[in-house]
Amino acid sequence: MAANATGPLNSRDAAGFGAAYGGVRAILALQYLRVARLPATRSVVIRRIVGLAAAAIIWTASALLPTPQRYTAWAFALLIDIVNSWPPARSTHLLPPGAAHFPERFGLLTIILLGEFVASVMRGIESQIGWSFLAASAAVLSLALGFAIWSGYSDGAAGWEVRHVRSTRDVIQLRVWIALHFLLFLGIGVLGVGARRAIALPPGGHFDVTEQSLICLATAGIVLVIMGIAATSERHARSRRQWVWLSQAGIALVALALAPLSSQIIATALLLLLFLCFAAQIVVLIANRRLLAGRGESGWPRSTPPATTSHS
Numbered sequence: 001m002a003a004n005a006t007g008p009l010n011s012r013d014a015a016g017f018g019a020a021y022g023g024v025r026a027i028l029a030l031q032y033l034r035v036a037r038l039p040a041t042r043s044v045v046i047r048r049i050v051g052l053a054a055a056a057i058i059w060t061a062s063a064l065l066p067t068p069q070r071y072t073a074w075a076f077a078l079l080i081d082i083v084n085s086w087p088p089a090r091s092t093h094l095l096p097p098g099a100a101h102f103p104e105r106f107g108l109l110t111i112i113l114l115g116e117f118v119a120s121v122m123r124g125i126e127s128q129i130g131w132s133f134l135a136a137s138a139a140v141l142s143l144a145l146g147f148a149i150w151s152g153y154s155d156g157a158a159g160w161e162v163r164h165v166r167s168t169r170d171v172i173q174l175r176v177w178i179a180l181h182f183l184l185f186l187g188i189g190v191l192g193v194g195a196r197r198a199i200a201l202p203p204g205g206h207f208d209v210t211e212q213s214l215i216c217l218a219t220a221g222i223v224l225v226i227m228g229i230a231a232t233s234e235r236h237a238r239s240r241r242q243w244v245w246l247s248q249a250g251i252a253l254v255a256l257a258l259a260p261l262s263s264q265i266i267a268t269a270l271l272l273l274l275f276l277c278f279a280a281q282i283v284v285l286i287a288n289r290r291l292l293a294g295r296g297e298s299g300w301p302r303s304t305p306p307a308t309t310s311h312s
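In my numbering, the protein residues as written are 1 to 312.
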């Protein structure tokens with residue numbers, strides 16, 4: 001997959017990428033086959049094997065198709081993968097995933113994306129010929145944005161929190177939490193490109209209207225996604241304080257309101273304002289979590305959670 005991830009979508013490299021991805025899905029099907037004999041998980045595992053095998057065949061066969069038929073095959077195979085990854089709520093409730101499984105995996109992906117964010121900032125720094133105060137400030141603020149996103153995710157929203165599945169409501173919260181992460185990854189990628197662009201601009205330079213709109217939209221999206229991740233966590237879900245959620249929505253609106261001001265705000269100043277948006281959200285979420293902890297309104301029930309199985 002890595003060797004074929006260099007060409008455009010209509011190239012033979014992309015076809016090889018799809019075939020290699022099909023191979024990975026086939027390997028995963030074989031891994032599930034190892035536990036198909038266990039009575040307690042047989043129905044879920046067999047369903048997963050069938051879906052993985054069907055998707056693997058389509059992904060691999062798509063390499064032989066010309067474009068745009070290849071894209072149709074990819075879309076169909078991806079749809080199978082998505083449907084196959086979301087078992088019925090009853091199955092997830094009876095056979096819950098390991099409590100630390102999803103936070104570990106999605107937390108790792110978040111760290112990787114933030115690492116790419118920092119790498120993008122470094123590439124922007126390398127493009128600078130000279131270092132003025134504004135250019136250095138743009139570089140520092142870009143790194144601060146990445147750190148603020150991580151702090152909002154881990155310290156504020158408790159994105160690393162273990163996720164016990166005890167009821168259908170917990171299943172729904174888990175699935176919302178997973179879906180929000182894909183939006184988080186997209187927002188981090190867009191904002192990383194914007195930070196690199198800000199550093200590469202001449203000192204005192206401005207984003208154009210489209211660039212600033214995308215950067216502000218990505219920031220507002222990340223704020224809302226982190227708010228959603230917090231809302232589905234045990235440490236925040238019980239909060240009945242409307243100001244916590246309204247203030248975060250207001251922060252997102254402030255970020256969006258900066259979009260049409262591209263001619264009035266230089267890129268460095270925009271980075272500072274966006275950083276302050278993330279910092280404000282962190283303060284709100286941490287204050288809410290501490291208030292809940294102080295009143296004994298958060299934390300896991302005293303009863304021992306049910307035994308879990310680790311399937312994903």
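Even glycine gets a Cβ: it sits at the ideal position worked out from N, Cα and C.
Problem set entry | For Ser233, the three-state DSSP class (helix, strand or coil) | Against the sequence shown, residue 233 aligns to sequence position 233. Of the three classes helix, strand and coil, the one that applies to Ser233 here is coil, per DSSP.
Problem set entry | CB contact flag (Thr41, Leu95, <8 Å) | Here residue 41 refers to the residue found at position 41 when the sequence shown is read from its first residue. Here residue 95 refers to the residue found at position 95 when the sequence shown is read from its first residue. Yes, the pair counts as a contact, with Cβ atoms nearer than the cut-off.
For this session: Using only alpha-carbon positions, find the residue among Cys277, Glu126, Leu271 that is nearest to Ile251.
Result: Counting from one through the sequence shown, the residue named residue 251 turns up at place 251. Selected option, being the one with the closest Cα: Cys277.
For this session: For Thr110, count neighbouring C-beta atoms within 10 Å of its own C-beta (all shown protein chains included) and say buried if the count is 16 or more, exposed if not.
Result: Against the sequence shown, residue 110 aligns to sequence position 110. Buried, because 16 or more other Cβ atoms sit within 10 Å of the Cβ of Thr110.
For this session: Kindly indicate which three-state DSSP category Ser127 falls into: helix, strand or coil?
Result: Sequence index remark: in the sequence shown, residue 127 carries index 127 (1-based). Here Ser127 sits in coil by DSSP.
Exercise. How would you call Asp208, buried or exposed, if buried means at least 16 neighbouring beta carbons within 10 angstroms?
Worked result: Residue mapping note: residue 208 aligns to position 208 of the sequence shown, counting from 1. Exposed.
Problem set entry | N- and C-terminal bounds of the alpha helix (DSSP H) containing Tyr153 | For this step, residue 153 is matched to residue 153 along the sequence shown. Premise fails: Tyr153 is in no alpha helix (DSSP H) and is neither H nor E.
For this session: Quick one: measure Cβ to Cβ for Ser318 and Gly192, integer angstroms, because I've assumed they're closer than 8 Å.
Result: In the structure displayed, the chain extends from 1 to 312; residue 318 sits before or after that span and is not available.
For this session: For my contact list, Ala257 and Ala198 are in at a C-beta cut-off of 8 Å; report their separation, rounded to the angstrom.
Result: Translated into the one-based positions of the sequence shown, residue 257 becomes position 257. Translated into the one-based positions of the sequence shown, residue 198 becomes position 198. Between Ala257 and Ala198 a beta carbon distance of about 19 Å is seen, past the 8 Å cut, so the two are scored as non-contacting.
Exercise. How many angstroms separate the CA atom of Asp201 from the CA atom of Glu126?
Worked result: What you label residue 201 is simply residue 201 of the sequence shown in a count that begins at 1. What you label residue 126 is simply residue 126 of the sequence shown in a count that begins at 1. Here residue 201 is Leu; the residue named in the question, Asp, does not match the sequence. Taking the straight line joining both Cα atoms gives about 12 Å.
Problem set entry | For Ala220 and Pro8, the rounded distance between their alpha carbons | In the sequence shown, residue 8 corresponds to position 8, counting from 1. In the sequence shown, residue 220 corresponds to position 220, counting from 1. In a straight line, the C-alpha of Pro8 is about 30 Å away from that of Ala220.
Exercise. Residue range of the alpha helix (DSSP H) that Gln69 falls in?
Worked result: On the sequence shown, residue 69 is found 69 positions in, with the first residue counted as 1. That run of the alpha helix (DSSP H) goes 69-84.
For this session: Report buried or exposed for Ile172, applying the criterion of at least 16 other Cβ atoms within 10 angstroms of its Cβ.
Result: Position 172 of the sequence shown, counted from the start, is the residue given in the question as residue 172. An exposed status is given to Ile172, since fewer than 16 other beta-carbon atoms sit within 10 Å of its beta-carbon.
Problem set entry | Local conformation of Pro97 per DSSP, three classes | Residue numbering aside, residue 97 sits at position 97 when the sequence shown is read from its first letter. When DSSP states are grouped into helix, strand and coil, Pro97 belongs to the coil group.
Problem set entry | Arg42, enclosing alpha helix (DSSP H) - first and last residue | As a position in the sequence shown, residue 42 is number 42, starting the count at 1. Residues 42-61.
Problem set entry | Burial state of Gly204, where buried means 16 or more other Cβ atoms lie within 10 Å | If you number the sequence shown from 1, residue 204 lands on position 204. Exposed.
Exercise. Taking just the CA atoms, how far does Pro260 sit from Trp74?
Worked result: For this step, residue 74 is matched to residue 74 along the sequence shown. For this step, residue 260 is matched to residue 260 along the sequence shown. Annotation: Trp74 to Pro260 spans about 37 Å, alpha carbon to alpha carbon.
Exercise. Which residue's Cα is closest to the Cα of Ile286: Ala2, Ala144, Gly159, Phe76?
Worked result: As a working mapping, residue 286 is identified with position 286 in the sequence shown. Comparing alpha carbon positions, the residue from Ala2, Ala144, Gly159, Phe76 closest to Ile286 is Gly159.
Problem set entry | Bounding residues of the alpha helix (DSSP H) (the contiguous stretch that carries Thr168) | In the sequence shown, residue 168 corresponds to position 168, counting from 1. Counting along the chain, Thr168 sits inside the alpha helix (DSSP H) bounded by residues 168-200.
Problem set entry | Integer-rounded CB distance, given that Ile226 should sit under 8 Å from Gly152 | In the sequence shown, the residue the question calls residue 152 occupies position 152. In the sequence shown, the residue the question calls residue 226 occupies position 226. Right, the Cβ-Cβ distance comes to about 5 Å (below 8 Å), so this counts as a contact.
Exercise. When the Cα atoms are used, what is the spatial distance from Leu246 to Val223?
Worked result: What you label residue 246 is simply residue 246 of the sequence shown in a count that begins at 1. What you label residue 223 is simply residue 223 of the sequence shown in a count that begins at 1. Going from the Cα of Leu246 to the Cα of Val223 covers about 12 Å.
Exercise. Which of the three DSSP states, helix, strand or coil, is assigned to Pro203?
Worked result: As a first step, residue 203 is located in the sequence shown; it is residue number 203 there, counting from the start. Pro203 falls in the coil class under three-state DSSP.
Problem set entry | Extent of the continuous alpha helix (DSSP H) run through Asn288 | The sequence position of residue 288 within the sequence shown is 288, counting from 1. First-last of the alpha helix (DSSP H) with Asn288: 267-294.
Exercise. Is the CB-CB distance between Ala63 and Gly16 below 8 Å?
Worked result: Here residue 63 refers to the residue found at position 63 of the sequence shown. Here residue 16 refers to the residue found at position 16 of the sequence shown. Ala63 is a Cβ neighbour of Gly16, given a cutoff of 8 Å.
Problem set entry | Unbroken alpha helix (DSSP H) run spanning Val244, endpoints | Sequence index remark: in the sequence shown, residue 244 carries index 244 (1-based). Annotation: the continuous alpha helix (DSSP H) that includes Val244 extends over 242-257.
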